[in-house]
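There are 6 protein chains.
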Amino acid sequence: MNVADIMSTPVVTIRNAATIANAVSLMRQKGIHALIVERSHPADAYGILTASDIVAKVVAFGRDPERVRVFEVMTKPCIVLNPDLGIEYAARLLSTYGLHCAPVIQTELLGILSLSDILERGDFLSSPLETELADQIQQLTAQAQAVCQAEGSDSPACAIAWTKVDALQAEMAHQRQEKLSKTAFETYREAYPEAIADEEYDAWCGG
Amino acid sequence: MNVADIMSTPVVTIRNAATIANAVSLMRQKGIHALIVERSHPADAYGILTASDIVAKVVAFGRDPERVRVFEVMTKPCIVLNPDLGIEYAARLLSTYGLHCAPVIQTELLGILSLSDILERGDFLSSPLETELADQIQQLTAQAQAVCQAEGSDSPACAIAWTKVDALQAEMAHQRQEKLSKTAFETYREAYPEAIADEEYDAWCGG
Amino acid sequence: MNVADIMSTPVVTIRNAATIANAVSLMRQKGIHALIVERSHPADAYGILTASDIVAKVVAFGRDPERVRVFEVMTKPCIVLNPDLGIEYAARLLSTYGLHCAPVIQTELLGILSLSDILERGDFLSSPLETELADQIQQLTAQAQAVCQAEGSDSPACAIAWTKVDALQAEMAHQRQEKLSKTAFETYREAYPEAIADEEYDAWCGG
Amino acid sequence: MNVADIMSTPVVTIRNAATIANAVSLMRQKGIHALIVERSHPADAYGILTASDIVAKVVAFGRDPERVRVFEVMTKPCIVLNPDLGIEYAARLLSTYGLHCAPVIQTELLGILSLSDILERGDFLSSPLETELADQIQQLTAQAQAVCQAEGSDSPACAIAWTKVDALQAEMAHQRQEKLSKTAFETYREAYPEAIADEEYDAWCGG
Amino acid sequence: MNVADIMSTPVVTIRNAATIANAVSLMRQKGIHALIVERSHPADAYGILTASDIVAKVVAFGRDPERVRVFEVMTKPCIVLNPDLGIEYAARLLSTYGLHCAPVIQTELLGILSLSDILERGDFLSSPLETELADQIQQLTAQAQAVCQAEGSDSPACAIAWTKVDALQAEMAHQRQEKLSKTAFETYREAYPEAIADEEYDAWCGG
Amino acid sequence: MNVADIMSTPVVTIRNAATIANAVSLMRQKGIHALIVERSHPADAYGILTASDIVAKVVAFGRDPERVRVFEVMTKPCIVLNPDLGIEYAARLLSTYGLHCAPVIQTELLGILSLSDILERGDFLSSPLETELADQIQQLTAQAQAVCQAEGSDSPACAIAWTKVDALQAEMAHQRQEKLSKTAFETYREAYPEAIADEEYDAWCGG
């Protein structure tokens, strides 16, 4: 499941010169907690105005929302999400940078993804990423075994098939914050040292 | 307007040994984003489990919610709010410590206050604190003038009345992050230096 | 041992409009490093002024303490402690939020607790919490066994007794940042699946 | 000047399962301080491995770089930059989130932008953004005056022209962290209140 | 007044392999809140163990101090202070990095400086740095005027004298977080443009 | 390998009153990313101006570098490094406090050490600290065994030799963030309880 599957649409935007009183009225009327602030020139960045910004910078200082404008309070530039990104990666990006929501952009503004969207509509209960990765590793391992049997253990196709297993094993270890003592490809290469020349191996390992 | 006026009730609680899958189901069913974790012994503290905790510590690492328990993910002890606190002060406390919600407690657990509650139900549009404080300063100033006229400019009641104006002026300057070159009481004392003995003045100023 | 046992009393307070020079003199005279700033209206919050605030915001900028007032430097609102809280929980609250001290309040202002109070007067050398929790788990386990023998393994009292063991086991695992693969209650339920109806079990687990 | 004008290309990538010893050799050989870590499945995110990551997580703990892999040390997901973004906005995004570099992506991976690229190749000495914005405001103001003269002060085109001035004025005030007491459009509307119906005005102001 | 004038001596040290129970007993016996951890080899760094470390990493997790060792809890390497540094600069260094104390070292370990030392023994009440800098600027300005009169307004000695005024003016503006539109030296150079050749001026300004 | 072996020299300095435009020109001309800001009076501290400071505080706000001076942007006081410190300790100090470089000072200013210097010239690939510490522990253990055989297992020299092993074991455990259940010296003392009187042991353990 990726960002595009659970993001909120359509995005509600606001002018940078509008007052916070305008912004709060708009949020209350639409029942939302974040507005995107449009760009004002071609090299400009998107901004975002959230409930958190308003509470922290206006309410917390007792300021009159009629006398504070959006540009004083918004977060800009804001971190943006790609619609194809898996929701677990979006979750980690939001939490690493302490965000509650971010605009989803690909060439144009597509939606907003918030922690609430992830909690309410994410499929992490039924398909946690660790289970999905384990399944994919199993499939790629079976594929690698099949390729190696078909084309020979020292064929380039066989070697490449094992590097694909490596990449997912490493990703799974990354998710779990674990170490990986030996990868599938390293195990393969120990068994078939002559299958890949040293310089080729180095090129693969480096890049 | 204070915390008790806008907090969400009743509070939904969860056991510390429950799984995150339990917690997510409960949140989805009740349409809420925070659960309070009950205490397990008399000197124990309350914990809180929020959407943000679940996204940051379970979803972001691709973990299976059936295999993670509430106590691994909750924030404990949590900062608590007093029901009598003004919403602007609650707003500043939440934002200073980067929180999205906190339990409201006075002897017993009364409710939860979130940024959403403040945004949606707060009266900060119609009565911003800076306007309220300005009104109160005007009233207290008028009172001080009346007391001083009635009881004499060098009466203790008059002096005390000016210290009350001071306190609100200082609070207003605190809200606005401004300096205060001379307070009402200092102005009064310059005009009536013999009204208050030095040692009395020092006691007031110190304490 | 709880907060009330080791907090410092009486609390020394200061006016928000007093100068930092006043505050430093008062601290030096009383031999203390924190003052509580009184509230100025009913919905107001307590503030706190510490040695750390004065060093960081006055001395570090070479400012004249005669020309800076308490409200410019204090931390407000401040996080408050409940007098019944165990000192280990107070220690975690202070350290999580980077504080060196906090006022102790229950309806009224009772004292101040600082890291020094914990270091100097805490009983953590003779009774560390992990030892206390281990003892309590042992006692509650013995009680559960006795209750179950007396009232029957499928009695509600027996089931409830095991949930109490659960809560402390989870709390201990929380302190140690460990996982808990199976709880006492889960073990019990596997052995006596008919003792608790599914809906009852769900109610217990959720709340 | 935008990100695409000064970013470094081509990007050097590395496998997530490679060792840190591999990564350091590659960095030394290419004379660079950041590598992009390729994605391992379609919903995956890009990672980045910087000199800072290696110094902080490998050297600082005296670990053997042969026994640590890229996925243990990389930052993932990483914040990405749009090639069209102005360098001042890229500068603020990097500094807000404490980054020294970020990949530049639009559909595909185009380059890396680092603080060094900005310092060495940015045109901020000759054309600081505040000067550019001031020039653009002047131009848009002249355009608005011309449009209003040509089409009438109460024409929609005239009103729209003033909202464009607003947007840049607000952006300039945002850059300078200043307030804006009255915008160009507000001034215009006070002069020609009948030019725009209330509901239209609200729609503009809100969105 | 500098660090050496108010630091605490002698420093109490502890072995890195000692237990936290040992460390707490030593602190209680000596009435101190910080111990320096000695170096174990020539390229090693000093460590520091504070009350804050013990409360945050041992008490807050309920751990048994007999079973935790100093090296698990200490902060190492620690930031060190130079004995000649002014206390205001030491105050800013400590507060910028969130420290309560730091060892004072010059070739050998000389003392420890804590926030308490600054609060209790600092002379910032009677001689705030802003007053001292203002006095020094006045003196250096008088000196510059005297030198220029004696040796001629376009003498190198005169120019150098004005650069000294510059340096203190800039330092004062730095303390106050203010801008400086024109420096003493710039004013001088506008009046006597031929006094300093361009290349000489550039060398001064750059370095 | 220590800081002096890989630091960059000579240090390029700049006046605190110079403009950022001057500073950028100097950095571009010398091909460096950090300048040291000289002290302006005897109790003054060194400052540092980095590419990161300029990007974050000047470029990111679109400010004109001709109108911003070094003292507004520099970091001061800055953390300093000792030339004898091992590079792994310097790496940890820099990364703990989020720095990219720091001046190296012993009585006088000797050089600057940056993350780049560590990455490019450090010997951590060929001699990681964990390998070096393991070698040293082996040597010290052999020495301790030899001393104890020569001078007797209950000789003071033997006891002292084991405390040296302790210190390095603890340092290695510190680097690896591991616990140490029993040290060499504790093992020794259990075998030869009469070798060291209790009070002597306590003195050793405490200090």
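As you go down the protein sequences, you meet chains A, B, C, D, E and F in turn. If you count by the numbering used here, then the first sequence holds residues 1 to 207, one letter each, in order. If you count by the numbering used here, then the second sequence holds residues 1001 to 1207, one letter each, in order. If you count by the numbering used here, then the third sequence holds residues 2001 to 2207, one letter each, in order. If you count by the numbering used here, then the fourth sequence holds residues 3001 to 3207, one letter each, in order. If you count by the numbering used here, then the fifth sequence holds residues 4001 to 4207, one letter each, in order. If you count by the numbering used here, then the sixth sequence holds residues 5001 to 5207, one letter each, in order. Beta carbons are placed, not taken as given, at the ideal position from N, Cα and C, and that holds for glycine. Fair warning: this is a prediction, and the values are worked out from it, not measured in the lab.
Please confirm whether residue i and residue j have their CB atoms less than 8 Å apart.
| i | j | result |
| --- | --- | --- |
| D/V3080 | D/A3102 | yes |
| D/Y3045 | D/P3077 | According to the sequence shown, residue 3045 of chain D is Ala rather than Tyr. Yes, they are a contact pair. |
| F/D5117 | F/I5006 | yes |
| B/E1257 | B/A1134 | Here chain B has residues from 1001 to 1207 only, and residue 1257 of chain B is not among them. |
| F/A5167 | E/A4018 | no |
| A/G47 | A/V37 | yes |
| D/A3090 | D/L3113 | yes |
| C/H2100 | E/L4119 | no |
| D/L3125 | D/L3094 | no |
| C/I2196 | C/A2161 | no |
| F/A5060 | D/R3121 | no |
From the DSSP output, in three-state form, read off residue i for me.
| i | result |
| --- | --- |
| B/T1210 | No answer is possible for residue 1210 of chain B: the residues shown for chain B start at 1001 and end at 1207. |
| A/I196 | coil |
| B/R1069 | strand |
| C/T2019 | strand |
| E/L4085 | coil |
| C/S2008 | strand |
| B/T1163 | helix |
| B/I1079 | coil |
| E/T4013 | strand |
Between which residues of its own chain and residue i is the CB-CB distance below 6 Å, once the five residues before and five after are set aside?
| i | result |
| --- | --- |
| C/A2157 | V2147 and E2151 |
| D/A3173 | L3180 |
| A/G207 | Because A/G207 sits at a pLDDT of 46, beneath the cut-off of 50, its placement in the model cannot be relied upon, and the following sentence gives the value as read from the coordinates. Result list for A/G207: empty, nothing under 6 Å. |
| B/P1083 | V1003, A1004, V1104, Q1106 and L1110 |
| B/K1030 | V1012 |
| D/E3088 | L3129 |
| B/P1042 | none |
Name the one or two DSSP bridge partners that residue i has.
| i | result |
| --- | --- |
| A/E108 | A/Q106 |
| B/S1155 | Paired residue(s): none; B/S1155 is not in a bridge. |
| B/C1101 | B/S1114 |
| D/A3034 | D/T3050 |
Among residues of its own chain, excluding the 5 on either side of residue i, which ones have a beta-carbon nearer than 7 Å to its beta-carbon?
| i | result |
| --- | --- |
| A/L35 | V12, T13, I14, A23, L26, M27 and L49 |
| C/D2123 | M2001 |
| C/E2194 | D2154 |
| B/T1096 | none |
Using a Cβ-Cβ cut-off of 8 Å (strictly less than) and excluding sequence neighbours within five positions of residue i, which residues of its own chain qualify?
| i | result |
| --- | --- |
| D/T3141 | V3165 and A3184 |
| C/P2010 | G2111 |
| F/Q5182 | This sequence places Lys at residue 5182 of chain F; Gln is not what is there. So no residue of the chain qualifies. |
| A/A170 | L180 and T183 |
| D/E3130 | M3172, Q3175 and R3176 |
| D/V3058 | I3020, P3065, V3068 and V3073 |
With a threshold of 7 Å, establish whether the CB of residue i neighbours any heavy atom of the ligand MN.
| i | result |
| --- | --- |
| D/E3151 | Of ligands this structure carries none, so the ligand MN is not represented either. |
Margin query: Residues of the stretch 2095-2119 of chain C in Cβ contact with chain B at a cutoff of 9 Å, in chain order, please.
Written below: Within the stretch 2095-2119 of chain C, those residues whose Cβ lies closer than 9 Å to any Cβ of chain B are, in chain order, T2096, Y2097, I2105, Q2106 and T2107.
Notebook entry, point to check: When Cβ atoms are compared, which residues of the stretch 1039-1072 of chain B fall closer than 7 Å to chain A?
Noted result: Within the stretch 1039-1072 of chain B, the qualifying residues are A1051, S1052, I1054, V1055, A1056, V1059, A1060, F1061, G1062, R1063, D1064 and P1065.
Check: In the stretch 4003-4028 of chain E, which residues sit with their C-beta less than 7 Å from some C-beta in chain C, listed in chain order?
Finding: Closer than 7 Å at the C-beta level to chain C, one finds these residues of the stretch 4003-4028 of chain E: A4021, V4024, M4027 and R4028.
Next item on the list: Please name the residues in the stretch 5172-5200 of chain F whose beta-carbon is closer than 9 Å to at least one beta-carbon of chain D, in chain order.
Entry: Within the stretch 5172-5200 of chain F, those residues whose Cβ lies closer than 9 Å to any Cβ of chain D are, in chain order, M5172, Q5175, R5176 and Q5177.
Margin query: For the stretch 1154-1170 of chain B, list every residue whose C-beta sits within 9 Å of some C-beta in chain C, in sequence order.
Written below: Those residues of the stretch 1154-1170 of chain B that come within reach of chain C (Cβ to Cβ, closer than 9 Å) are T1163, K1164, D1166, A1167, L1168, Q1169 and A1170.
Note to self: Beta carbons nearer than 9 Å to chain D: which residues of the stretch 5125-5138 of chain F have them?
What the structure shows: Legend: CB atoms of the stretch 5125-5138 of chain F lying less than 9 Å from CB atoms of chain D belong to residues L5125, P5128, L5129, E5130, T5131, E5132 and L5133.
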